[in-house]
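Novice:
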Amino acid sequence: MPVQPPENPDAIREQIAEEAVYRFYNPLASLEHAKPLKQSDKPMTYKIKPGDTLSEIAKRFDLTTRQLADFNQIQNIHAIRAGHTLKIPYREEQIRIREERDLASLAEQYNVSEGLMKRFNPELTQTGGLYVGQVVSVPKRIKVQRPSPKQKKLHGGQNSVQIASRPANEESGHFSGSFSWPVGGQLTSGFGNRNGRLHRGIDIWNEQEGNTPIKAAASGVVSRAGHAGGYGNLVVIDHGDGWSTYYAHLRVMNVSRGQSVSSGDVIGYMGKSGNSTGYHLHFEVRKNGENLDPMSVLP
């Protein structure tokens, strides 16, 4: 029996190439070779960048500020630090596209926005076109449990007091040591030793800089309003019972000594007067003349 001649090598190579191209453009043709799809139980994370605010980050992920704060157990929604990592209440679930469709219909199916789909899939084009066999990450919402109000301990040496996590009623005329935030923005420096020196308060920056209003953290009487060396333009409010707050580096002061103010009244605008490297508010809290960490008395 005569030996059959071998098949044409060029035809074999062409067939292999056609199969490879088909599998590349249509992975469903060979699902047995496909990698397992990712199903994560862990929440995704986001690294805070300079200038970020919690509300802006929440908006990017179709969340409310309160949802993001509760998920990360953040009591102070106005002060976040660049470089820190937030947990985002979504987990990643990969799916394989099995029919031609666009990104809008996929987002609608999973009840998320197109913007969020693109955030989970940065390789997607602006047109949102999807091809059969493509692997896409779908954000699955993790339910956020709202924590119940708790009490926290203010550690101030002999001046330690117990305060509620929400402002107390000040109408009784006896100040409890509860304050509201004088300004929203990013906490750029905390209380404590810094470069071998005690930083007696906290520094807060806001993107509106000189147009940012500074508000009284509690009701009281202005005991000082003027230039004070390294503090620059400084407003000091006496709240009674030995409590006082300091607002430094102001651009403009809207109050004068002896003036009564209520919590939330605008007392000036953020500035960079005095010993300051840029626009920010330096905020101090004192009890009987001793500096306390403002973070321990702010909500």
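If you read the sequence shown in the UniProt record's numbering, its first letter stands for residue 1, the second for the next number, and so on. We put the CB at the ideal spot given by N, CA and C, even for glycine. Computed from a predicted structure; not experimentally measured.
(1) Let me check one thing: in DSSP terms, what residues is residue 260 bridge-paired to?
(2) May I ask you to report which of helix, strand or coil DSSP gives residue 51?
(3) Taking 8 Å as the CB-CB cut-off, is residue 88 touching chain B?
(4) Going by C-alpha to C-alpha distance, which of 186, 287, 107, 140 sits closest to residue 130?
(5) Let me know if residue 234 comes out buried or exposed under the rule of 16 or more other beta-carbons within 10 Å of its beta-carbon.
(6) Does residue 142 come out as helix, strand or coil in the three-state DSSP assignment?
(7) Going by other Cβ atoms of all chains shown within 10 Å of its Cβ, with 16 needed for buried, is residue 183 buried or exposed?
(8) Within its chain, find whatever has a CB closer than 8 Å to the CB of residue 45; leave out the 5 residues flanking it on each side and keep chain order.
(9) To the nearest angstrom, how far is it from the Cα of residue 42 to the Cα of residue 145?
(10) Does DSSP put residue 156 in a helix, a strand or coil?
(11) The alpha helix (DSSP H) spanning residue 109 covers which residue range?
(12) Of the choices 242, 229, 225, 243, whose alpha-carbon is the least far from that of residue 236?
(13) Decide if the segment 97-104 is in contact with the segment 59-71; the criterion is three or more beta carbon pairs, one per stretch, under 8 Å apart.
(14) Assuming contact is defined by CB atoms lying nearer than 8 Å, are residue 260 and residue 238 in contact in what I supplied?
(15) In the DSSP assignment, find the alpha helix (DSSP H) that holds residue 67 and state where it starts and stops.
(16) Bridge partners for residue 134 per DSSP, in chain order?
(17) Terminal residues of the continuous beta strand (DSSP E) containing residue 197?
(18) Tell me the DSSP secondary structure of residue 296 in three-state form.
(19) For residue 256, which residues from the same chain have a beta carbon less than 8 Å from its beta carbon, with the 5 sequence-adjacent residues on both sides left out?
(20) From residue 211 to residue 204, what distance separates their C-alpha atoms?
(21) Please classify residue 2: does DSSP put it in a helix, a strand, or coil?
(22) The alpha helix (DSSP H) that contains residue 114, what's its start and end?
(23) Just tell me which of 290, 52, 73 has its CA closest to the CA of residue 201.
(24) From residue 209 to residue 53, what does the alpha carbon distance come to, in whole angstroms?
(25) Using the beta-carbon count (16 or more within 10 Å), is residue 111 buried or exposed?
(26) Count the other CB atoms within 10 Å of the CB of residue 172; is the residue buried (16 or more) or exposed (fewer)?
(27) Beta carbon of residue 38, beta carbon of residue 82: below 8 Å?
(28) What residue does the beta strand (DSSP E) around residue 185 start on, and which one ends it?
(29) Give me the Cβ distance between residue 98 and residue 142, rounded to the nearest whole Å; I'm assuming they're in contact under 8 Å.
Specialist: Quick look at the numbers:
(1) Bridge partners of residue 260: 221.
(2) Here residue 51 sits in coil by DSSP.
(3) Protein chain content of the structure displayed is limited to a single chain, and chain B is not contained in it.
(4) Between residue 130 and the set 186, 287, 107, 140, the nearest pair of CA atoms involves 107.
(5) Buried, by the Cβ-count rule.
(6) In the three-state reduction of the DSSP assignment, residue 142 falls in the coil class.
(7) Residue 183 is buried by the Cβ-count criterion.
(8) Excluding positions up to five away in sequence, the list reads 85, 86, 87, 88.
(9) Taking the straight line from one Cα to the other gives about 16 Å.
(10) Per-residue confidence for residue 156 stands at a pLDDT of 32, beneath the threshold of 50, marking its modelled position as unreliable; no derived number is given.
(11) Residue 109: member of the alpha helix (DSSP H) spanning 103-109, first to last residue.
(12) Of the listed residues, the one whose Cα sits closest to residue 236 is 225.
(13) Judged by Cβ distances under 8 Å, the segment 97-104 makes no contact with the segment 59-71, as fewer than three pairs qualify.
(14) At a Cβ-Cβ threshold of 8 Å, residue 260 and residue 238 do not count as neighbours.
(15) First-last of the alpha helix (DSSP H) with residue 67: 65-71.
(16) Looking at the DSSP output, residue 134 bridges to nothing.
(17) Looking at the DSSP string, the run of the beta strand (DSSP E) that includes residue 197 is 197-199.
(18) Helix at residue 296.
(19) Excluding sequence neighbours, residue 256 sits near 222, 225.
(20) Using only the alpha carbons, I get a separation of about 14 Å.
(21) Bear in mind that the predicted position of residue 2 carries a pLDDT of just 35, short of 50, making it unreliable; the figure below should be weighed with that in mind. Residue 2: coil per DSSP, three-state reduction.
(22) Here the alpha helix (DSSP H) through residue 114 covers 114-120.
(23) The candidate whose alpha carbon is nearest that of residue 201 is 290.
(24) Taking the CA atoms as reference points, residue 209 sits about 14 Å from residue 53.
(25) Looking at its Cβ environment, which holds fewer than 16 other Cβ atoms inside 10 Å, residue 111 is exposed.
(26) Caution applies to residue 172, whose pLDDT of 35 falls short of 50 and renders its modelled position unreliable; the value that the coordinates give is listed next. It is exposed - the Cβ of residue 172 has fewer than 16 other Cβ atoms within 10 Å.
(27) The answer is no: Cβ separation not under 8 Å.
(28) Careful: residue 185 lies outside any beta strand (DSSP E) and carries neither H nor E.
(29) That belief does not hold up - the Cβ atoms of residue 98 and residue 142 are roughly 26 Å apart, past 8 Å.
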